[in-house]
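With numbering that gives the first Met the number 0 applied, the first sequence corresponds to residues 0 to 459, in that order.
Each residue gets a CB set at the ideal place from its N, CA and C atoms; glycine is no exception.
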Amino acid sequence: MSETKQPKLEDIVSLCKRRGFIYPGSDIYGGLAGTWDYGPLGVALKRNIEQAWWKMFVEDRDDMYGLDSAILMSPKVWQASGHTGAGFADPLVEDLKTKKRYRADHLLEDNGIEDPEALSHEQMNAVIREKAIKSPEGNELSEVRVFNLMFETYVGPIQNEDSKSYLRPENAQGMFVNFKNIIDSYYPNIPFGIAQSGKTFRNEISPREFIFRVREFNLMEFEYFVHPDTWEERFQHLHEKFYEWTDLLGLDRSKIHELEVPEADRAHYSKRTIDFEYAFSFGTKEIGAIAYRTDFDLKNHMQHSGTNMEYTVKGTNDKYVPHVIEPTFGLDRMLLAAVAEAYTIDEVKGEDRMYLKLPHHLAPVKVAVSPLLKNKPELVDKAKQVYSMLKKEFGAVMWDDNGNIGKRYRRQDEIGTPYCVVIDFETLEGDTKDTVTVRNRDTTEQTRVMITDLVKIIVI
RNA sequence: GCGGGUGUCGUAUAGCGGUUAUUAUCCCAGUUUUCCAAACUGGUGAUUGGAGUUCGACUCUCCACACCCGCACCA
C-alpha cells in the first residue's frame, strides 16, 4: 500500500528551481520582490494550461471571441473604469507613533465628515489639520499619501501628467473598449463573450507565497455579455463551467471552496462575486472568481468616450446596454494549484517515490526515450530512431540516457512525464523485434508494445 | 508598510574571527551496468550585495536586497 503525503510550499519551491520550472526574478542581482521567471519546464506547463483554457472557452464554443489587447491603454480608460479613484488608489495616512496605516477617507467618515471620498487629497489634509483629527490610538497623523496599486508609466518622450498612463491592473478593460469593434465586425447575437489571456500588473504592498501573490502575473478572463434579465441563469451556467475547468487542471473538487463575497468586500463594479479558493498547504486562497459586473463598465465607457455601447436586437428596434458576467482565472495561481495537487509521494518498498501526477495534457514532457544502456551503440541508434519518430508526433519528447534506468525513471517522475519508452536488447531481434517497453508514471508498470503501436498507446 | 525569523555550491546542509569552507545529492567526463536512485575514477560549482570594526570577517555591527511567518492590504 502507498501513503500519500502533503507537500510543503518550500518543497514545491525547491523542486521548481532545481528542475527548471520557476526561478526567482532577476536572480543574479539578488532578486526583485514579487517577480518570478518561468524556466523551460515551467513555461511549457504554463502554455499547456493556457492552451487548454483557450480551447475550452474559446475554440470549443460558438459564442466566444478571442482578443489580445494592448497592455498600455489611454489613461482615460482607467478614469472611466474607476481605477484611478478610491479603491484602487487609496488615500492612506500613517500614525506617526505606531506606524500603522489607515484609510484617510474612512477616518474622516468616522469623524463625521460627509462623503469624504469626494475630497481631493489636499482637502483631506486641510480637514485633518483643521479638525485636529488623530489616529484611533490618539496620535498625530502623517500627510495623506496615495497608495496606487497601478504601476505608473509615461507614454512618449515627455514625462508629465498628460503623458502618464498605467500598466493594466486587469485585462477586462481591453475587452470593454473593444466591445464596439467586435459588434461591428461580427454582429454577434447576445449572449456572447470576449476572452483574453495576458499579463497584468499590480503593485502589491507585500508579495507573498511564491508565485501566489506577485506584482506581474497572467490572468485569463472573459467578459460574457448578457441581457440584464438573464444574468442569474448565465451566472449559474458559468459557475458550473468553472468546475469543468478545474477538473481539467486535475484539481480535486473537495479542495475547492466557494466564497460568496459580501457586498462590503466586493469590487466597486460588482453586484455579485463568488471567489473560488483552493486548499493550498499555506491556506485556502483564491485562484479564480466569477463576478457580475452589471453594465457598470460599458455605461461608463459610453459616457466618457461618447461611443454607443448599445446592442440592437436583430430585426427590431430594441436596444439595451448589455450586462456582464466575468469569470477570471489566475493562470499562475492555477499552475501552482495544479503542481501542488500533482505533487505525490508514495512509499514503495520502504522508500519514498516522488512524482508529479499532472494530467497528461498538462505535462511539460510527454514522453522520455532511453536506450537501456548508453554504451551499446546498437541500442542507442535504435533508440534515437524511436525518439525522432515520437518527437515528430508529440513534440515535447525528451532524450534521456543519464545514469541508469532507475535514475531516469525518478527524474522523469519528478517532472511529471507520463510515459518512458525504453529500447532494450529484445527490441533488436527475435520474436520481440521492434518492441519496446512503455513505463507508466503513476503505476510504474511496464508494458511491451510494438514501436508502430506507440502512437496509439500514448494518450495525451 | 509594521513586527519577527532566515540568507553558505543547482538542491539540501556542516562549520569557524585566521580552514585548501564540510557532507550528501545533482550536474559534467569516463569506466561499468540487460528495467526502478548500484559501484568506481576524475571534474565544475557557494559564504546575497555594500559599508564598518579588526592585522585579518562567511562568522561581529550597520545598511540594502530577497525569501519565510504574523498583522495590515488584496479594488
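{"Check": "I132 (DSSP reduced to helix, strand or coil)", "Outcome": "coil"}
{"Check": "Residues bridged to I255 (per DSSP)", "Outcome": "Y277"}
{"Check": "Coarse secondary structure for E160, derived from DSSP in three states", "Outcome": "helix"}
{"Check": "Within 7 Å, strictly: CB atoms of Q195 and D104", "Outcome": "no"}
{"Check": "Beta-carbon proximity check, A382 vs P363, cutoff 7 Å", "Outcome": "no"}
{"Check": "Residue interval of the alpha helix (DSSP H) (run including D104)", "Outcome": "A103 to D109"}
{"Check": "Inter-residue Cα distance where the pair is A51 and N159", "Outcome": "42 Å"}
{"Check": "Q384 burial status per 10 Å Cβ neighbour count (16 or more: buried)", "Outcome": "exposed"}
{"Check": "Where H322 falls: helix, strand or coil (DSSP)", "Outcome": "strand"}
{"Check": "Local conformation of F374 per DSSP, three classes", "Outcome": "Per the sequence shown, the amino acid found at residue 374 is Asn instead of Phe. Coil, per DSSP."}
{"Check": "Outcome for M0 when other beta-carbon atoms lying within 10 angstroms are tallied against a minimum of 16", "Outcome": "Residue placement at M0 is poorly supported in this model, since its pLDDT is 31, which falls under 50; the coordinates still yield a value, given next. By the 10 Å Cβ count, M0 comes out exposed."}
{"Check": "Those residues which DSSP pairs with S141 across a bridge", "Outcome": "S141 is not bridged to any residue."}
{"Check": "Closest by C-alpha distance to F234, when choosing among L297, D264, L107 and H322", "Outcome": "H322"}
{"Check": "Inter-residue Cα distance where the pair is L248 and M308", "Outcome": "36 Å"}
{"Check": "Residue ranges of each beta strand (DSSP E) within the segment 160-214, 3 or longer", "Outcome": "163-165 and 191-200"}
{"Check": "Rounded C-alpha distance that separates T416 from H226", "Outcome": "46 Å"}
{"Check": "Cross-strand partners of Q445 (DSSP beta bridge)", "Outcome": "R438"}
{"Check": "Start-to-end residues for the beta strand (DSSP E) that takes in T283", "Outcome": "G282 to T293"}
{"Check": "N-terminal and C-terminal residue of the beta strand (DSSP E) that M353 is part of", "Outcome": "E350 to L355"}
{"Check": "Cβ-Cβ separation, I422 to V435 (assumed contact under 8 Å), whole Å", "Outcome": "5 Å"}
{"Check": "Closest by C-alpha distance to E350, when choosing among D380, F209, R409 and T315", "Outcome": "R409"}
{"Check": "Contact set for I404: own chain, Cβ-Cβ below 8 Å, skip 5 residues either direction", "Outcome": "S369, L371 and V421"}
{"Check": "Per-residue DSSP class, three states only, for L91", "Outcome": "strand"}
{"Check": "Short Cβ contact (7 Å threshold) for E208 with M174", "Outcome": "no"}
{"Check": "CA nearest to the CA of L166, picked from R102, N202, V338 and G287", "Outcome": "N202"}
{"Check": "Segment contact flag, the segment 345-359 with the segment 310-327, C-beta cutoff 8 Å, min 3 pairs", "Outcome": "no"}
{"Check": "At least three beta-carbon pairs within less than 8 Å, the segment 146-157 to the segment 175-183", "Outcome": "no"}
{"Check": "Sub-7 Å separation of D246 and V260 beta-carbons", "Outcome": "no"}
{"Check": "Range covered by the alpha helix (DSSP H) that runs through E231", "Outcome": "W230 to L247"}
{"Check": "Own chain partners of A69 with C-beta closer than 8 Å, once the 5 adjacent residues on each side are dropped", "Outcome": "G173"}
{"Check": "Helix, strand or coil at N401 [DSSP, three-state]", "Outcome": "coil"}
{"Check": "Start-to-end residues for the beta strand (DSSP E) that takes in V420", "Outcome": "Y418 to I422"}
{"Check": "The segment 423-434 contacting the segment 372-379, beta-carbon criterion three pairs below 8 Å", "Outcome": "yes"}
{"Check": "Nonlocal neighbours in the same chain, by C-beta distance under 8 Å from T3, ignoring five residues either side", "Outcome": "With a pLDDT of only 47 at T3, under 50, the local geometry of the prediction cannot be trusted, and the value read off the model is given with reservation. Contacts found: T343, I344 and D345."}
{"Check": "Closest by C-alpha distance to T311, when choosing among G24, I189, F295 and P115", "Outcome": "I189"}
{"Check": "Residue of G111, D94 and D161 minimising C-alpha distance to S134", "Outcome": "D94"}
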